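Numbering (the numbering used here), first residue to last: 1251 to 2086. Where a beta carbon is used, it is the ideal one built from N, C-alpha and C, also for glycine. Note that the structure is a prediction, hence the values are computed from the model and not measured. One structure below.
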């Protein structure tokens, strides 16, 4: 049987076609936003995982593509042979008679830029080129024998699978390349001797039906989406209990925490060390000498042993450092050309004037404006009072260059007596900092005074002893342990989501280094810096609420299956390495002899057959089907257990508004752990739930639309523009006989953390004909709190009163007059009604 998944409309907002019925709306509150496709959560996630209808060069590095890319290449222990992943193909794409074969026949070239564009054989409309934005009138290539386009060929259709107790699936074939090397006996340099490439059958992969379900052994199943804690960085602050956690998607957690004495510790897994030991070990990555990945163990050992990362280097990462200059028995502070300086607030011992205007005066404190003037005049130093150095500490060792004597050690207080000695011995200049007055406080300075380790090599060995007690450490193994924990993409994956959350928290651009799966050493420093500043100034630096929907995300079917695939491929990788090492003659071996896909197929079968999140579809009535596919569960592998889940995680959170239904949840021990998506909610590419809003500008609601085809207007495809601008342009074109723009309503979808920035009005705010808000003061929300706001301050507005609740709860008539407990029972019991 031939079926083409391209014929399914996978665009959730459903533009009106000639077949679709007209929807009558009798509600009093008008909304332009349409309810999105209710099962798009399932379909979109699985399509992104498979990328089945894309040719290899069109695929993004997500889903199956990313899993194969992260496991391969696989080399044997002697590095004489390597298995590489080339591409995969899901299903057989053929015409009815089998003459035409391959997805290339569903591609055409753009008339403007020549790039490949997808052709939909069941929809002959113009196709938009993603590269240049040109519309192309293209038709699919038809078979000269049967006159049919290429489609996905199935052994058995859905009905047949259900009747015969079979799984609705297609074959997965992976093209694998085996490269065999000859090694030079003297130099050990490899030379390529042989390359073989072939398709290896990786078993059957279940296909999703048009209804968002799977047919496994003849029964229809649904994979419930999982709500779990997002990877990223999290801060907790409560009196003296301050904590920073770096949570990757895969790999070792890192925590930074204080003890009662104000000493900062790092926790790697369950092992606790001083944070400065960890930072000193990271010095190997903060100031790398050479590329360590390419060197031998002997060179690596020599480089690590000779590496220096002093107390001064660590202090300079966090504190505001200034330079003091000694001249003729007087002490001066250098004027830094930029950045913060401790000179602000110190008393000047000289008058500095610009023409007649006084900048500094003897005995008066130096102000920020004075610093700006001194920088403008390019003044290098200012004489200051010796008394103002109270509480200052030396950054580096202050050494008498003539005698070699250390007068003041690094991170030691510059008392009046020590400062006098520095002046008497005519030390020309020295660096200093003020830990008490600094934004981050004394913590790092105190921790360094407790830390007896002074070199990165000793820090690495200390971490190894803590992580592997009883195992004798060597320098290369200690280095590779830390490298493997945080700087190896096979063992540590922050993920795109983790990087996004990290960037948001640290105030960087959201998409900065978004595809980098690893943390840089500087990222750890930034986390410690934020934690220290949060302890000193907890108002400006906020702690995180783990129940906030900005910190919880949805793992839908595609991502859950991706994790299973990775587990299966990791098992397969170990088997491949063992086979390669015992294989006598690699030159006669083919890739299929080394690859056994059973661990992968077993992992997939186990997931669909027995996972807690793979469930028989509830088919009592159409509502129960839709609700099941839109369900969110906090349970399951990698999630919570109902015994350990407390009250907070089950409770309704202000960020659930418009995202998760506050009403529909089970009544038993799973209350609050299993919930439903709200009517208008959607899940973005990072797994965060978004809710739609209408834009309000200067007290007026502005309706926006998304352009599909600009026609003869100036608007470009996918552009978001006010409705009135498009209608104005279309009206003019209607007179002139030009091609009008095609569009659909566009609400602004916001995540929970984006919503926190704005004041959002209720959907039932009274509007006049042109969209202006009638009342001066209106009911609104700000950061989850209900307020009354001026109409000029409102920036967004709800699209509909029912965006708050799920599909089941929205079917209850006059829900607002219903008691909350009765509404909960009603929304659950509607799913149990048997249709006649």
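If you draw a 10 Å sphere on the C-beta of residue 1437, you find fewer than 16 other C-beta atoms in it, and that means exposed.
Residues 1440 of the same chain have their beta carbon placed closer than 6 Å to that of residue 1433, with the five preceding and five following residues left out of the count. In this structure, residue 1693 keeps its C-beta atom at 8 Å or more from the C-beta atom of residue 1567. Counting along the chain, residue 1427 sits inside the beta strand (DSSP E) bounded by residues 1419-1433.
When the five nearest sequence neighbours on each side are left out, the beta carbons in the same chain lying within less than 6 Å of the beta carbon of residue 1362 are those of 1382, 1384, in order along the chain. About 26 Å separates the Cβ atoms of residue 1411 and residue 1350, ruling out a contact at the 8 Å cut-off.
Between residue 1945 and residue 1939, the gap from beta carbon to beta carbon reaches 8 Å or more. Less than 8 Å separates the beta-carbon of residue 1661 from that of residue 1643.
Sequence-distant partners of residue 1387 (beyond 5 residues in either direction) whose C-beta falls short of 7 Å from its own C-beta, in its chain, are 1376.
For residue 1663, the pairing in a beta bridge is given by DSSP as 1643.
Annotation for residue 1487: no alpha helix (DSSP H) segment contains it, though the beta strand (DSSP E) segment containing it runs 1482-1488.
In the three-state DSSP reduction, residue 1329 falls in the coil class, being neither helix nor strand. Assignment of residue 1353 by DSSP, reduced to helix, strand and coil, places it in the helix class. Using a C-beta cut-off of 8 Å, the stretch 2040-2055 makes contact with the stretch 1918-1932, since at least three inter-stretch Cβ pairs fall below that distance. DSSP places residue 1946 in the uninterrupted beta strand (DSSP E) bounded by 1939-1947. Taking all protein chains shown into account, residue 1299 has 16 or more neighbouring C-beta atoms within 10 Å of its C-beta and is therefore buried. DSSP, read as helix, strand or coil, puts residue 1648 in strand.
For residue 1732, the uninterrupted alpha helix (DSSP H) segment begins and ends at 1725-1736. The closest CA to that of residue 1974, considering only 1955, 1474, 1860, is found on 1955. Cβ contact annotation for residue 1550 (same chain, cutoff 8 Å, sequence separation greater than five): 1542, 1725, 1726, 1729, in chain order.
By the criterion of at least three beta-carbon pairs nearer than 8 Å, the stretch 2072-2085 is in contact with the stretch 1911-1921. Judged by DSSP in its simplified three-state form, residue 2016 adopts coil rather than helix or strand.
By the CB criterion at 8 Å, residue 1882 and residue 1477 fall inside the cutoff.
With a threshold of 16 other beta carbon atoms within 10 Å, residue 1533 meets it and is buried. For residue 1451, the three-state secondary structure derived from DSSP is strand. Scanning its chain for C-beta atoms nearer than 7 Å, with the 5 sequence neighbours on each side dropped, one finds around residue 1798 the residues 1903, 1905, 2002, in chain order. Residue 1418 sits away from residue 1808, with the two beta carbons spaced by 8 Å or more. When rounded, the separation of the alpha-carbon atoms in residue 1806 and residue 1429 is 37 Å. In chain order, 1479, 1480, 1482, 1484, 1751, 1794, 1795 place their CB closer than 8 Å to the CB of residue 1801, counting only its own chain and leaving out the 5 sequence neighbours on each side.
Within the stretch 2002-2058, the complete beta strand (DSSP E) runs of at least 3 residues fall at 2009-2011, 2027-2032, 2035-2040, 2046-2048. The three-state reading of DSSP puts residue 1673 in helix, counting H, G and I together. Spatial neighbours of residue 1641 in its own chain (CB-CB distance under 8 Å, excluding positions within 5 residues in sequence) are listed in chain order as 1663, 1684, 1685, 1686, 1687.
Inter-residue distance for residue 1596 and residue 1620 is about 12 Å (C-alpha atoms, whole angstroms).
Fully enclosed alpha helix (DSSP H) runs of no fewer than 4 residues occupy 1618-1626 of the stretch 1583-1646, in order along the chain. With respect to the 8 Å criterion, residue 1864 and residue 1471 are classified as neighbours on the basis of their beta carbons. By the beta-carbon neighbour count (other beta carbons within 10 angstroms, threshold 16), residue 1286 is buried.
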